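These protein sequences, in sequence, are chains A and B.
Using this note's numbering, the first residue of the first sequence is number 4, and each one after it goes up by one.
Using this note's numbering, the first residue of the second sequence is number 4, and each one after it goes up by one.
Number of protein chains: 2
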Amino acid sequence: MNWKPNRDSNLTIHEQIVDWVKSRIERSDWTVGTKLPTQRQLADRFNVNRSTVQLALDELKADGLIESKVGSGVFVANNSWKMLLDKAQLNWQQHIESSIHKPNYHTIQLINEHEQMDHIIRLGTGELSPELLPTKQLEQSLKEISLEPKAIGYSPPQGSEKLRGVLCKYLKNKGIETSLDNILIVSGSLQALQLIAIGLLEEGSVVFHEQPSYLNSIHSFQSVGMRMISIPRDSLLTDSLRENKKKRQSVLYCIPTLHNPTGKSWSMKEKKTLYDTCKELQIPIIEDDVYHELLFEETSPPIKSLDTSGQVLYIGSVSKTLSPGLRIGWIVAPSPVIGRLADIKMQTDYGSSAFSQEIVAQWISSGRYEMHLATLREQLKRRAEYVEEILEQHFRKIATWKKSEGGFYIWLRFHEPIVNKALFLKLLHHNVLINPGYIYEPKDLHHIRLSYAYASMRALEEGLHTLLKLIK
Amino acid sequence: MNWKPNRDSNLTIHEQIVDWVKSRIERSDWTVGTKLPTQRQLADRFNVNRSTVQLALDELKADGLIESKVGSGVFVANNSWKMLLDKAQLNWQQHIESSIHKPNYHTIQLINEHEQMDHIIRLGTGELSPELLPTKQLEQSLKEISLEPKAIGYSPPQGSEKLRGVLCKYLKNKGIETSLDNILIVSGSLQALQLIAIGLLEEGSVVFHEQPSYLNSIHSFQSVGMRMISIPRDSLLTDSLRENKKKRQSVLYCIPTLHNPTGKSWSMKEKKTLYDTCKELQIPIIEDDVYHELLFEETSPPIKSLDTSGQVLYIGSVSKTLSPGLRIGWIVAPSPVIGRLADIKMQTDYGSSAFSQEIVAQWISSGRYEMHLATLREQLKRRAEYVEEILEQHFRKIATWKKSEGGFYIWLRFHEPIVNKALFLKLLHHNVLINPGYIYEPKDLHHIRLSYAYASMRALEEGLHTLLKLIK
């Protein structure tokens with residue numbers, strides 16, 4: 004979609020748009036039943052007025068090439084292809100709509116889409132800013148890599164032995180004793196959840212998770228028929244799990260350190276209580292620990308360090324700390340579990356990038372990773388304080404928040420329930436992208452997940468002021 | 004599983020094995036219900052006699068730590084944990100057995116497992132030999148990469164724009180006109196199939212494929228409830244598709260160039276006939292074209308080059324040609340289809356390795372890839388001729404085959420139906436790993452997929468002689 008109308012052309016802008024749409028239909032890119040982008044989206048992309056787009060669409064409708072369906076949008080008409088070229092054509096839209104996997108929520112699709120646009124200020128992005136990524140050091144480290152032919156073939160089902168060896172040592176510092184057989188390398192923690200969902204749980208299993216929860220913003224468990232039960236944090240420690248425990252298989256998903264989206268961490272005592280309860284109830288724990296390295300002050304080791312019963316599936320990653328582009332994470336679990344998940348990974352994508360694995364092994368084993376983390380924590384802390392100061396100055400009367408203890412996020416709570424989709428869209432129209440609380444807890448209209456990690460300081464300030472202006 | 008008994012220890016070998024098994028149970032690695040490897044597997048791994056393993060297992064059974072279940076193997080006993088440490092413990096085996104995704108077939112699990120062992124001669128592996136991989140050139144090219152901070156963050160849903168741009172040009176040479184919006188970067192062709200299965204087909208859709216078929220050796224469609232109908236190659240061109248076409252959605256999977264496992268290619272006329280039939284019947288075509296670059300003599304362009312109706316989902320990859328460790332492939336399709344598949348990929352693994360994408364873009368755009376391919380084809384041709392000469396000398400009386408036209412495989416057909424699981428296991432016991440025909444067509448007991456691409460020339464000769472000896 005990089006095409007734009009040419010203002011020096013002999014054709015008018017709307018004629019050019021008509022031709023462009025026709026050409027997409029002609030070359031079978033937009034097949035019968037394809038839903039067109041909205042007028043606003045097209046206007047934004049072409050950088051023209053909506054009225055110009057409307058003029059073009061009206062002409063195409065009059066020609067019978069596209070048609071409106073009330074309430075659902077504008078589509079390539081059933082006879083369009085016949086009219087243009089007189090040929091039969093597949094209806095891909097029908098295929099898409101009847102297929103198995105759920106689409107992302109619309110708000111999340113919009114987030115994914117707008118995160119690619121340079122002019123958008125991203126106030127909620129769960130990703131390190133380009134300026135925080137160690138790009139030059141990574142480039143340098145590529146020069147130092149020496150490859151073995153065996154290392155760039157298909158990797159063993161569990162992933163590179165070298166990287167697993169390095170991780171064994173690394174995890175020891177976090178109080179986790181493990182061995183080569185107990186580690187599976189994955190392409191990031193999202194894939195870890197996907198593999199667990201299809202490889203360890205029967206359909207209809209219960210997935211307990213904290214409320215609000217990152218799990219609500221993705222589909223890993225929902226799309227394969229699991230039943231989600233979200234429980235507020237404090238109730239998890241009392242009798243909620245016991246009361247809700249079903250006859251069915253169940254599992255608890257949690258982020259005990261720097262929770263996404265709230266930023267909270269459990270104390271060691273709380274972790275112990277949770278572990279003991281789950282052990283007694285025989286509920287396996289999925290411990291998502293991808294933010295741990297970003298604690299401004301180290302607090303307590305992961306739940307996995309307490310695990311004497313093989314009950315905890317531990318997930319780590321370098322996506323939040325080194326580079327998401329590497330797509331490298333890991334699961335630590337009993338070896339039959341790892342064997343099973345490795346078998347499924349082999350059926351899904353035959354393993355993760357050998358090059359990425361090599362880079363991560365090199366960074367961790369050389370100590371470069373730890374050094375980078377120390378700097379990164381400092382930088383994130385500075386950013387957190389900067390945002391907190393802006394909040395202090397301008398948001399004190401309308402919202403509350405907790406001082407960040409690390410990671411990326413401030414869970415900003417507005418006194419009034421104003422964070423709805425309308426606000427999300429209004430902000431987007433002003434080029435500000437937020438992660439609204441309702442993607443983490445559908446009923447929540449009070450929160451925004453602010454991220455101080457992505458946008459530049461200047462953009463953060465500008466975005467927060469736009470937010471303030473639109474709220475008032 | 005790298006542990007081996009220490010022959011200089013004060014303990015006997017079998018005592019060491021007993022201790023080792025106990026320690027795995029104690030540290031919750033083998034939880035209750037875990038199935039132990041077979042005696043033979045343990046003996047192989049420990050490099051000891053089976054009788055020693057048996058002695059150890061007998062002792063563990065007598066202690067009540069493990070138990071045999073007739074016909075299904077030896078398992079960690081229900082009370083083992085209590086006996087060792089007196090604690091409750093999760094039964095992971097139960098979780099694994101009741102979960103959603105099918106395990107790989109046993110023969111394929113054995114293949115995956117033994118492909119990791121250096122002493123095994125691999126006669127069927129669908130992978131380039133380490134000596135054919137351009138390891139040093141890849142290492143060199145890493146030194147030349149300059150990274151942009153944006154390039155190592157999360158990539159756009161469809162994958163690196165740079166790589167997609169490079170592919171547009173590259174595919175033009177194959178007669179495929181496409182654009183940025185029509186390409187999705189994936190982590191190899193297996194992932195492409197996975198995404199198509201869950202993103203474009205309704206449950207119970209019919210997947211037509213050639214008989215024998217690579218699809219039978221993987222589970223992408225079967226594991227999500229598709230109905231597989233395999234049709235012999237020649238019948239596909241007559242009325243078989245028409246007769247078998249159901250009311251249900253259906254799709255045709257094919258490898259028109261250097262088919263896996265048979266090595267055959269369709270002529271341009273046959274491709275045209277197939278395309279026209281599918282167009283008339285409105286059956287989308289999945290064209291798996293990952294071996295095309297390995298044709299010894301270029302024949303005809305892909306079916307996709309004929310596609311005027313947006314009917315063909317085209318799959319390419321560098322796994323067979325450059326390095327499987329990169330985990331990079333691509334799908335070319337109409338943009339609504341690509342948008343849909345990209346959305347699902349974002350829900351699965353948030354994109355492929357940015358580093359791998361960068362490397363592939365660099366190799367293709369610099370022309371290095373084409374140069375490498377020219378050399379590679381020469382080397383593969385030499386290997387094919389070498390193997391064909393051995394076959395000519397020793398297999399003429401018992402088998403038939405077709406001279407290879409490219410790629411990796413010779414589809415060796417024995418006059419007698421001797422290629423069963425017993426032969427597979429017997430060969431494995433002699434350290435020779437084959438890909439038996441029955442993993443591509445369950446009823447087939449005549450074929451072996453010979454690969455001249457992986458093992459060294461010497462190993463190929465040795466392996467073929469072992470095969471000959473065991474058959475006779």
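For every residue, glycine included, the Cβ atom is placed at its ideal position computed from N, Cα and C.
Keep in mind that this is a model prediction, so the values were computed, not measured.
Using a Cβ-Cβ distance under 7 Å, would residue i count as near chain A?
| i | result |
| --- | --- |
| B/Thr37 | yes |
| B/Lys153 | yes |
| B/Leu219 | For clarity, residue 219 of chain B is Asn in the given sequence; the question names Leu instead. No, because no Cβ of chain A sits closer than 7 Å to the Cβ of B/Asn219. |
| B/Arg343 | yes |
| B/Ile227 | Note that residue 227 of chain B is Val in the sequence shown, not Ile. Cβ-Cβ to chain A under 7 Å: yes for B/Val227. |
| B/Pro327 | yes |
| B/Phe358 | yes |
| B/Leu284 | no |
| B/Gln161 | no |
| B/Met120 | no |
Residue i and residue j: beta carbons closer than 7 Å?
| i | j | result |
| --- | --- | --- |
| B/Val254 | B/Pro287 | yes |
| B/Leu297 | B/Gly409 | yes |
| A/Leu426 | A/Leu453 | no |
| B/Val422 | B/Leu383 | no |
| B/Ser208 | B/Gln252 | yes |
| A/Ser356 | B/Arg330 | yes |
| A/Trp333 | A/Leu170 | yes |
| B/Lys307 | B/Tyr317 | yes |
| A/Asn81 | A/Val24 | no |
| B/Ala46 | B/Val56 | yes |
| B/Pro152 | A/Pro133 | yes |
Quick check on the DSSP output: the alpha helix (DSSP H) that includes residue i runs from which residue to which?
| i | result |
| --- | --- |
| B/Ser192 | Ser192 to Gly202 |
| A/Asp279 | Met271 to Leu284 |
| A/Arg385 | Arg371 to His397 |
| B/Arg343 | Ser338 to Thr351 |
| A/Ile99 | Trp95 to Ser101 |
| A/Glu151 | That residue, A/Glu151, is in no alpha helix (DSSP H); it is neither H nor E in DSSP. |
| A/Glu18 | Ile16 to Glu29 |
| B/Glu116 | His109 to His117 |
| B/Glu164 | Glu164 to Lys175 |
| B/Ile367 | Ala357 to Ser368 |
In the DSSP assignment, the beta strand (DSSP E) including residue i goes from what residue to what residue?
| i | result |
| --- | --- |
| A/Ile188 | Ile186 to Val189 |
| B/His222 | Premise fails: B/His222 is in no beta strand (DSSP E) and is neither H nor E. |
| B/Ile232 | Arg230 to Pro235 |
Check the DSSP bridge columns for residue i and list the partner residues they point to.
| i | result |
| --- | --- |
| B/Ser71 | B/Val77 |
| A/Phe49 | For A/Phe49, which the question treats as bridged, DSSP gives no partner whatsoever. |
| B/Trp333 | B/Ile188 and B/Gly319 |
| B/Leu453 | B/Ile413 |
| A/Val254 | A/Val210 |
| A/Glu290 | A/Cys257 and A/Tyr317 |
| A/Tyr34 | Tyr is not the amino acid found at residue 34 of chain A; the sequence shown has Thr there. According to DSSP, which records beta bridges pairwise, A/Thr34 is partnered with nothing at all. |
Using a beta-carbon distance below 7 Å, is residue i in contact with chain B?
| i | result |
| --- | --- |
| A/Val210 | no |
| A/Val315 | no |
| A/Trp2 | Lying before the first or after the last residue shown, residue 2 of chain A is absent from chain A, which here runs from 4 to 475. |
| A/Asp47 | no |
| A/Asp22 | no |
| A/Asn491 | Chain A is shown only over 4 to 475; residue 491 of chain A falls outside these bounds and no answer can be derived. |
| A/Pro287 | yes |
| A/Trp366 | no |
| A/Leu415 | no |
| A/Gln194 | yes |
| A/Tyr455 | no |
| A/Glu206 | yes |
| A/Ser253 | no |
| A/Asp32 | yes |
Q: Kindly confirm or deny that the region 108-117 of chain B and the region 460-471 of chain B touch, where touching means at least three C-beta pairs closer than 8 Å.
A: no
Q) Counting Cβ pairs, one atom from each stretch, are 3 or more of them under 8 Å apart for the region 163-181 of chain A and the region 344-363 of chain A? A) yes
Q. Three or more C-beta pairs closer than 8 Å, one from the region 374-383 of chain A and one from the region 257-265 of chain A: is that the case here?
A. no
Q: Report yes or no: do three or more beta-carbon pairs, one from the region 342-356 of chain A and one from the region 91-109 of chain B, lie closer than 8 Å?
A: yes
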